[in-house]
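Each residue of the sequence shown is one higher than the last, beginning at 339 in the working numbering.
Note sheet for the following structure.
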Amino acid sequence: MPVSTVEIRNVAGTQAAMGWADAHTVIVDRPEGRAGGMGLGFNGAQLLGLTIGGCFANDLRYVAEDLGVSVGDISISVSVALEGSPIRAVGAEMLISVSMSDGSDPTPLIAKAKEISMAMNSLIKGLPVSVSERPFERQSRPL
339 MPVSTVEIRN
349 VAGTQAAMGW
359 ADAHTVIVDR
369 PEGRAGGMGL
379 GFNGAQLLGL
389 TIGGCFANDL
399 RYVAEDLGVS
409 VGDISISVSV
419 ALEGSPIRAV
429 GAEMLISVSM
439 SDGSDPTPLI
449 AKAKEISMAM
459 NSLIKGLPVS
469 VSERPFERQS
479 RPL
C-alpha cells in the first residue's frame, strides 16, 4: 500500500509551523491575533480547501492523460463550511471551470475526475485518523 508522509515542525521565533514533503514546503499558522497566530501561513480550513481543490486539479490532468485529451485552463474555487465547538468542517463546495484545448465539452472529464478523486472520495467515505504520541526529539532538519 502506498503511503505519503509529511513532516511538520514549528518555525523558530514564531508560533507558526512549516510542513514539508520531499522538497515542497508550506507555512501553517492561525490568523493574526488568534492563539499567537501571526497570519504567516494557511490555517486548517484553508489547507483542507487546498487539499480538495488541488487534488481535483491533479485528477483532471490524470483523467485527461488517460483519455488522450488536452485540458486548456482549470479554475477551481473551494469553500469549506465550519461550525461547532470544537470547530469542524461540515461541508465543502467546489466550483469548477475547465476549458478543453479543442473546445470540446469538459463534462465527461469532470465526471470521471469526481469518480477517482483521492481527497474528495476519502473525505466523503470518512477517513479514520489515529493519533499517538512519541517522545520529543530534536529533528535533524532545522527550521
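Where is the CB? At the ideal position from N, CA and C, for every residue including glycine.
query	result
For GLY357, which residues does DSSP report across the bridge?	ILE346 and VAL364
Between PHE474 and the ligand MN, is there a pair consisting of the residue's CB and a ligand heavy atom that are separated by less than 7 Å?	The ligand MN is not among the ligands present in this structure, which contains no ligands whatsoever.
Which same chain residues, not among the five before or five after ASP411, have their C-beta less than 6 Å away from its C-beta?	SER437
Using 10 angstroms around the beta-carbon of VAL366, count the other beta-carbons present and answer buried if the total reaches 16, otherwise exposed.	buried
Would you please state the rounded distance, in angstroms, between the beta carbons of LEU433 and SER455? I believe it to be under 8 Å.	That belief does not hold up - the Cβ atoms of LEU433 and SER455 are roughly 15 Å apart, past 8 Å.
Any idea what DSSP makes of GLU370, helix, strand or coil?	coil
Does the count of Cβ pairs from the stretch 391-408 and the stretch 357-377 closer than 8 Å reach three?	no
Kindly indicate which three-state DSSP category ASP443 falls into: helix, strand or coil?	coil
Whole angstroms are fine: how far does the CA of VAL428 sit from the CA of VAL467?	17 Å
In chain order, what residues of the same chain have a beta carbon less than 6 Å from the beta carbon of ILE346, not counting five sequence neighbours either side?	ALA355 and GLY357
Under three-state DSSP, which class holds VAL467?	coil
Taking the straight line between their C-alpha atoms, what separation do you get for TYR400 and SER342?	18 Å
To the nearest angstrom, how far is it from the Cα of ARG372 to the Cα of PHE380?	13 Å
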